[in-house]
Amino acid sequence: MLDILKVNTKKAAQILKQSKHTTAFTGAGISVESGIPPFRGKTGLWSKYDPKILELNYFHQHPEDSWEIIKEIFYDFFGKAQPNKAHKVLAKMEKYNLLQAVITQNIDNLHQAAGSKTVYEFHGTSAKMVCTNCKRKFDSKKVNLENIPPKCIACGGLLKPDFIFLGEGIPVEAYQKSLEEAENAEVFFLIGTTGLVEPAASIPYKAKYNGAVIIEINPERTVFTEKITDIFLQGKAGEVMKQLGEYIFEED
Ligand code: NAD
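Everything in the sequence shown is counted per this note's numbering, starting at 225 for the first residue and increasing by one.
Next comes the structure, spelled out in structure tokens:
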């Protein structure tokens with residue numbers, strides 16, 4: 225029987241090899257095989273925890289309660305996760321000049337851990353903390369989380385992970401760079417994202433409008449699949465990227 229996924233993966237590999245400017249756009253799905261669940265859905269983190277811990281007002285009013293859960297999810301749990309094959313193939317593509325940038329909505333630092341260099345973190349990162357008072361930033365690994373909430377060593381202000389909380393704006397530089405990528409990309413490569421979180425979700429539409437070919441990997445069809453995707457590779461990111469990497473790097 226004809227294996228449509230294989231045929232489409234081969235086709236995607238050919239397009240990626242020819243493209244002069246490819247941008248990957250990743251969401252929570254790319255990290256699922258690293259053991260980090262998405263926020264939403266039946267097994268998502270919000271089925272276990274209350275998202276109010278990431279509301280700015282709640283955080284300022286109840287820093288200890290918020291930090292207890294933040295530490296558990298984003299430092300004890302995320303901290304142990306390792307990049308999977310999908311992160312690694314993207315890093316290899318960049319190394320061989322087959323990928324110009326990754327725009328990620330993730331905050332888990334796994335693209336950098338896999339070796340990617342040009343990464344625009346649309347929602348910020350858990351790898352740094354920022355003082356809510358003096359705005360100084362710190363490497364999260366150097367902050368002692370034994371006593372929560374953690375405080376700024378410079379001014380004593382409350383520290384917050386350097387990713388955006390509900391209602392906060394997108395980091396300006398990451399937003400600007402993402403718009404530039406959407407203008408310049410010949411191929412926009414969507415991996416593991418629903419397309420429901422705004423304003424991130426609008427970026428692939430801008431790329432399509434500017435003429436990019438849209439390749440998408442997801443086990444489920446999404447709004448992107450219905451509206452803008454040219455080649456849909458239905459499956460788990462790690463598995464599909466493994467196959468794609470073989471076609472890109474091991475075949476002529
Ligand atoms: P999302 O838009 O990031 O959706 C997750 C998507 O991943 C879904 O479309 C799902 O079908 C897909 N998926 C599930 N398993 C997959 C796999 N093995 N391979 C590829 N795709 C897979 O939605 P969300 O989870 O609600 O996240 C909301 C926001 O929070 C997003 O910006 C997201 O990036 C962020 N978030 C980040 C992390 C992280 O840093 N790892 C974890 C959770 C959420």
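Cβ coordinates follow ideal geometry from the N, Cα and C atoms, glycine included.
Could you check how far apart the C-beta atoms of residue i and residue j are, in whole angstroms? I think they sit under 8 Å.
i: residue 318; j: residue 340; result: 6 Å
i: residue 327; j: residue 427; result: 7 Å
i: residue 237; j: residue 472; result: 5 Å
i: residue 366; j: residue 338; result: Not confirmed; about 22 Å, so no contact.
i: residue 404; j: residue 434; result: About 11 Å; that fails the 8 Å criterion.
i: residue 302; j: residue 417; result: Incorrect: roughly 18 Å between the Cβ atoms, too far for contact.
Looking only at its chain, what residues have a beta carbon closer than 6 Å to the beta carbon of residue i, apart from the 5 residues adjacent to it on each side?
i: residue 263; result: 269 and 270
i: residue 419; result: 425, 446, 447 and 448
i: residue 283; result: 290
i: residue 293; result: 273 and 277
i: residue 464; result: 441 and 457
i: residue 307; result: 334, 337 and 338
i: residue 469; result: 313
i: residue 342; result: 325
i: residue 212; result: Residue 212 lies beyond the residue range present for the chain, which begins at 225 and ends at 476; the question has no answer from this structure.
i: residue 310; result: 254, 461, 462 and 465
i: residue 315; result: 338, 339 and 340
i: residue 450; result: none
Can you tell me whether residue i is buried or exposed, with buried defined as 16 or more other CB within 10 angstroms of its CB?
i: residue 361; result: exposed
i: residue 323; result: buried
i: residue 288; result: exposed
i: residue 330; result: buried
i: residue 476; result: Per-residue confidence for residue 476 stands at a pLDDT of 47, beneath the threshold of 50, marking its modelled position as unreliable; no derived number is given.
i: residue 378; result: exposed
i: residue 228; result: exposed
i: residue 266; result: exposed
i: residue 467; result: buried
i: residue 396; result: exposed
i: residue 423; result: exposed
i: residue 432; result: buried
Tell me the DSSP bridge mates of residue i?
i: residue 355; result: 383
i: residue 233; result: Answer by DSSP bridge pairing: none, since residue 233 is not bridged.
i: residue 370; result: The partner list for residue 370 (beta bridge, DSSP) is empty, contrary to what the question assumes.
i: residue 346; result: None; residue 346 has no bridge partner.
i: residue 363; result: 352
i: residue 241; result: Answer is none; residue 241 lacks a bridge partner.
i: residue 331; result: Bridge partners of residue 331: none, in fact.
i: residue 325; result: 247
i: residue 375; result: 382
Closer than 8 Å by C-beta to residue i: which residues in its own chain qualify, once you throw out the five before and the five after it? Chain order, please.
i: residue 232; result: 455, 456 and 457
i: residue 421; result: 251 and 329
i: residue 391; result: 279 and 280
i: residue 305; result: 255, 258, 259, 260, 332 and 334
i: residue 299; result: 350, 364 and 369
i: residue 401; result: 325, 327 and 344
i: residue 234; result: 471
i: residue 230; result: 467
i: residue 437; result: 239, 243, 410, 411, 412, 454 and 455
Once you ignore the five residues that flank residue i on each side, which residues in its own chain have a CB closer than 7 Å to its CB?
i: residue 376; result: 355, 357, 358, 360 and 383
i: residue 429; result: 452
i: residue 347; result: 329, 331, 387 and 388
i: residue 352; result: 361, 362, 363, 364 and 386
i: residue 460; result: 257 and 443
i: residue 243; result: 410 and 411
i: residue 398; result: 344, 345 and 346
i: residue 372; result: 288, 291, 292 and 295
i: residue 240; result: 246, 322, 411 and 472
(request) Taking only runs that begin and end inside the segment 390-476, name each unbroken alpha helix (DSSP H) of 4 or more residues, in chain order. (result) 396-408, 426-433, 447-451 and 461-474
(request) At 4 residues or longer, and completely inside the segment 255-323: list those alpha helix (DSSP H) runs for me, N to C. (result) 280-285, 287-294 and 309-319
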